[in-house]
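To convert a position in the sequence shown, counted from 1, into my numbering, add 161.
Glycine residues also receive a C-beta, built at the ideal position from the N, C-alpha and C atoms.
As the structure is a computational prediction, the values presented were derived from the model and not from experiment.
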Amino acid sequence: MKLLKCFFAPKTESSKQALEPSAPDPGSSKEALGISVVTTVANAQVDIIFIHGLTGHRERTWTHEDENEPWFKSLLPKDLPTARIIAYGYDADVVNFTKVASQNTIRDHAVNLMNDLAGHRRWAPGRPIIFVAHSLGGLVCQKALILCTNPTEDAQKDILSSTRGIAFLGTPHAGSDLARFATAVANFVRFSLGKKSNMKLLEVLTKNSEVLADISNGFFTMVRRRESTQMPIALHAFVEELDVDFLGRRVVEPDSARIVGYNSDTIHANHMEMTKFRSATDPGYVKVLNNTIVLRYANYFHLMFDTLLPGVKLAKSEPPASTMKELCKSSSIRSSVKWLIDSSEYRVWKSASSARLWLHGEHGDGKTVIMSYIFRSLSRYALYPDGIASVFCSCNDSEEGVVASMALQLLRNKNRAKDWRLTVPLTKFQPGDDGRLEFNRLLWKLLTRLIEDGGVVLIIDGIDKIDFLVRSSFLDIFNKLEKNPRAGIRVLISSEKRDDIQSALRHYPSIDREKERRECLKTLEFQEWNAREIGVQKVERAGKKVFHHKKYRKWIRSKRSSVLWLEGKPGSGKSTLSKFMVREASDHKSFWSYSDLKWALKTLNCVDFNLRVFIIVDGMDESDDDKRVDILRFLLDLASPNLNSTCVVKIFIASRPENDINSGLRPVRHHIKLQEVNEEDIRMVVRGWIERMVSEAKCEEEVLSKVKDYIMEYSDGVFMWVTLVLRDLEQCIDKGGYTKLTLHTRLRSLPKELGGKDGFYRAMVDSLLDEYKEDQEHQELGQRILAWVTFAERPLSVTELRDALAIPSGLDRTDLSTYILEDNRPHKLERAILSFCGGLVEVRDSHDGRTVQLIHQTAREFLLHKDKLAGPYRLEHVQGVMEIAMACCRYLSIVFRPDLSLGEANAVLPEAEIIECHLSGKSLLIYALVNFQTHLDDLGSNDEKVRNEFMDFVKLLIMRSSSFASLLLGQWIQALKWPSRLHVDETSARLYLHSLLLCAAETGNREVAAVLLSLRSDLLHIVASIAAANEDAYEDSGGLELLLNMGADFNAKDTVGRTPVSYAAGNGLNRNTSLLLNNKAEPNLKDRAGRTPLSYASENGHEASVRLLLEREDVELNSEDTTGRTPLSYATANGHTAVAELLQSHVTKYQGTI
């Protein structure tokens, strides 16, 4: 009750921190609604619009208690005399004592603001707008601008295009505790006094509010889209420093008030007092004022230029329309410029703080398209794109127009804008006889001053198009400007290769467009396979003999379902032949792999049309013992004749002669023992090796005459033994000094088997022990490599293994705060693998690059043998898995260290690009994210040390919940379901992920996109649900398109069962909806509530999305959810007449076709 008394009590001198206003004055309420033009200025340069917050007032919100009028009336006109100042009021009361509180929603208030403002600006279109919004007013402002993206009249469209900046004072972007407090008050009044309160406004302010998330997603996506245009929207957040006395806390906490990726300031006041300034020296007033300077000065300069040089036009700062059309239409633009992006010259230019680069080529070879792409890439994700200036030249451009265009773009930066008038007296310029020449000189002085702060990128395209005399003068002065030691700039110029330009830019590194194109084509030349791969190809030719075996031919030609069992000793080539079998089978009518689930395969017995299915099972002996019998029984049943089905199932099984497999497959009629049929294959391999030794002049054929006979006598059909023997002999030959006798002696001394205490693998280990018996470090490195290739969940690439070995090993705690991953990566790793693992490990080419693996499954069995046949190289399961789990833990701790210094983000190098660069090249990251928990589970009760170390890392993240690491890892850690969870703002995390994905899409960085997919299983849902500012822009769906091209599951369901197309259609995102449907997204999948994408689109009145869904003939029009409601009932209940009529017409049409 004391708290409520404090809230409703009349204001006294001591209650400076009371909630403002405690009780709106009913007498003045009507007068304080709508627009009030505070100052009317002839030829105003800008409209500054003030919007109050929850329970606020059009004037009292902005009035200090010791003053009689708001500061925007008493102070601001003196500092901004050319600004028209407007105050906007709306009924934002939670409860009202004399009447029912307004029941308007955020959208209703936003519509009113948009319409009222459009009416007051009909005679001033194009005049820049700056919004100053407090608390809830910021959300009203955001929603109004979102509505302006789909205007119903030109005046509404003008509001969005004219908006240049927004100052948010205490706006709860991620929810606010004000809602919780105000809800309590509203409930008290409603039940005590019988008044109706507006709960709709309060629901928006709660954390995790879906409406708030939709507003934030739509608004910030629109803002980011505008950053790459000539009309960006500058955002600045102001955070309250003080608690409200009777609440004992701040109303809007800093994490909610700040905007990820944008600047913010604090004001030394509580939530209600932070908008009330007494004098021009008030620190809060100074901070708010300074953030309007940038726009004021930029527009002032533009007006001055038009006045002093009325016949001169500014050079274009954006690409020609034809170029933008080409960029938007081309689906391969990123790949076509990859030659430049990957060039060393461009990389040096992009990473340096001061650099030059000249791109030259022939007419019409796409230089402008390339420059446009680079400009867009650099500016699109910039937090403050005011450090980038671009000029796309034409034949009519003047020197003044080019210089002024660059200066105007740089004046968007507030720090540059504040100082230029003091050092460059353009305001005092008086045109005279040589007025244009003097103005030209002042323009160059201004540009020089603007770039002295550094962090500037200048992009000048097509300088050859400018008149020769104009070009010569510009380049001459520009070269002098560059020599200024304070000018930290990066310059990129493109042109045709002309003598005067080449002379002026002779100090520039250059890229020849055609030269790079030719070098790019060279990379497509076929590269020779490595020696082992060539050997496999020869085995392939030899292996085809198996396919001529009478039992194989009988099995393959049979029109009935059946099983073929290929039995072979370890290393006899079963896996190799299974790969060939896949190719052989694919030549037949149909081919299915065994990746489908068991229950799905059973449906083959119900097929009533002609179908021929091949299932290839390799390494049956390596399957789980407890499931093996069941699998064999299932496969035999599947291949049994079935009179009810016309499907023919051919099953090919390769295995060792294990007892349980022999027993399970005894009924199989088609059975081939590989060692009985591959003698000729082995003879061909040995003959091919001898021919290569002779052709390469390594050895004479006569010396090797007995090699073939000896190998054929002792191979016993085992290809792996043959491979190791030939490898050993070749090493002996390469050393030189051998004789025919010594070579034969060496051959006879080699082990006759692979494993066992006297086998080939033991000989390899003995060789390692002899070579490194005094080198413990190299022995440990070899043991670590063996552990990784043996216990990793999948084969590792060379670069993944390189990063794995760069992590500190051992279980003792290690300080990782200063650990530099790059400094600890081993070099020439492929050579080290061969040296330190004695041939037990090999590096092979695969579709994913060079991978590392054991030479054979039998090598793994040798290393794990209970009799410790491998000696010190013997592997223990727990220790091996512990090595990998701890490495994953430490790798994540290093990459996502929350206090990691990544450099300051700025206009040139935005935060998204910095993080993208940081995540790039972290080769082991995806493996660690995907498999860390799997390895912990494998450890069972032995995981304590790893868990404790990872928990220490999580605690660091909790202390820095707004860091990039916390935003990215929050959901991933939560999915691990550990006791200690990392709580981060979900809206901020989603926006952060989306920004990174857009950055990755812009550069075609699939590596970073794959990392983001590993972090969030619902990444596709997030991207599909975020509104695009311009549905016609190519980039808007770049992230979604990249994920789809990478094979992301477009029908995946999130935790509530919704699919990506459900979010896209439900939010009215037509481009995303169309893209997903064109990729065969399923339109009828239901979520946990039984609702389909059509249901959500209909409920929200998104007619275009409904039409896209109805274009699919398989869409279910009358699908009912768990409450029995249909899409038509949702549309009707929410008053969406057009959608309801559209659905009804399709229902009628459908019924008419039945």
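query                                                                                                                                  : result
Backbone CA spacing between Phe-438 and Leu-236 [nearest angstrom]                                                                     : 9 angstroms
Length of the line joining the Cα atoms of Arg-283 and Ala-316                                                                         : 6 angstroms
6 angstroms Cβ shell around Pro-182 - same chain, five flanking residues per side excluded                                             : Note that Pro-182 scores 32 on pLDDT, short of 50, meaning its location in the model is unreliable and no value can be drawn from it.
Residue burial classification, Met-1207 (beta-carbon count within 10 angstroms, cutoff 16)                                             : exposed
N-terminal and C-terminal residue of the alpha helix (DSSP H) that Cys-309 is part of                                                  : Segment: none, Cys-309 is in no alpha helix (DSSP H) and carries neither H nor E.
Alpha-carbon spacing of Phe-1125 relative to Trp-1139, whole angstroms                                                                 : 21 angstroms
Asp-842, DSSP secondary structure in three states                                                                                      : helix
Three-way DSSP call (helix, strand, coil) for Ala-565 in this model                                                                    : helix
C-beta contact flag for Arg-1051 and Leu-977 at 8 angstroms                                                                            : yes
Cutoff 6 angstroms; reference Trp-1133; Cβ partners in own chain excluding five residues on either side                                : Leu-1176
Sub-8 angstroms separation of His-521 and Lys-658 beta-carbons                                                                         : yes
Length at least 4, wholly inside the segment 939 to 1004: the alpha helix (DSSP H) runs in chain order                                 : 959 to 967, 990 to 997
Rounded C-alpha distance that separates Ser-533 from Met-567                                                                           : 16 angstroms
Simplified DSSP assignment, three categories, for His-1297                                                                             : coil
Alpha carbon of Cys-556 to alpha carbon of Phe-629, nearest angstrom                                                                   : 10 angstroms
Distance between Ser-538 and Leu-607 (C-alpha atoms, nearest Å)                                                                        : 27 angstroms
Sequence-distant residues of the same chain with beta carbon closer than 7 angstroms to Glu-1168, five excluded per side               : Ser-1081
Chain C contact for Leu-982 (CB, 8 angstroms cutoff)                                                                                   : In the displayed structure, chain C is absent; only one protein chain is listed.
Whole-angstrom distance between Ile-376 and Ser-1007, CA atom to CA atom                                                               : 46 angstroms
Given Leu-1137 as reference, the closest of Asp-1146, Asp-1098, Arg-1121 once Cα atoms are compared                                    : Asp-1098
C-alpha distance - Ile-196 paired with Phe-380, whole-angstrom precision                                                               : 23 angstroms
Within the segment 783 to 840, ranges of the beta strand (DSSP E) (whole runs, at least 3 residues)                                    : 808 to 816, 831 to 834
DSSP three-state assignment for Arg-439, whether helix, strand or coil                                                                 : coil
For Ala-279, three-class secondary structure by DSSP                                                                                   : helix
In DSSP terms, what Leu-1205 is bridged to                                                                                             : Per DSSP, none; premise fails for Leu-1205.
One or two residues paired with Thr-1012 in a DSSP bridge                                                                              : Ser-958, Arg-1005
Residues sharing a beta bridge with Ala-248, DSSP                                                                                      : Ser-197, Phe-211
Close-in-space but distant-in-sequence residues of the same chain around Lys-1279 (CB under 6 angstroms, 5 per side omitted)           : Lys is not the amino acid found at residue 1279; the sequence shown has Asn there. Hits under 6 angstroms: Thr-1287.
Same chain, Cβ closer than 6 angstroms to Glu-1277, five either side skipped, listed in chain order                                    : Asn-1245
Environment of Val-790 [buried if 16+ CB atoms lie within 10 Å]                                                                        : exposed
Beta-carbon separation (whole angstroms), Ser-296 vs His-432, contact threshold 8 angstroms                                            : 7 angstroms
Sufficient close CB pairs (3 or more, under 8 angstroms) joining the segment 838 to 846 to the segment 810 to 824                      : no
Gly-917 versus Phe-1023 - alpha carbon distance                                                                                        : 7 angstroms
Spatially closest choice to Pro-670 from Lys-869, Lys-511, Ser-806, by CA coordinates                                                  : Lys-511
Chain-order list of residues whose beta-carbon lies under 6 angstroms from that of Gly-1218 (same chain, five-residue window excluded) : Asp-1248, Arg-1249
DSSP bridge partner residues for Phe-553 (one or two, in chain order)                                                                  : Asp-622
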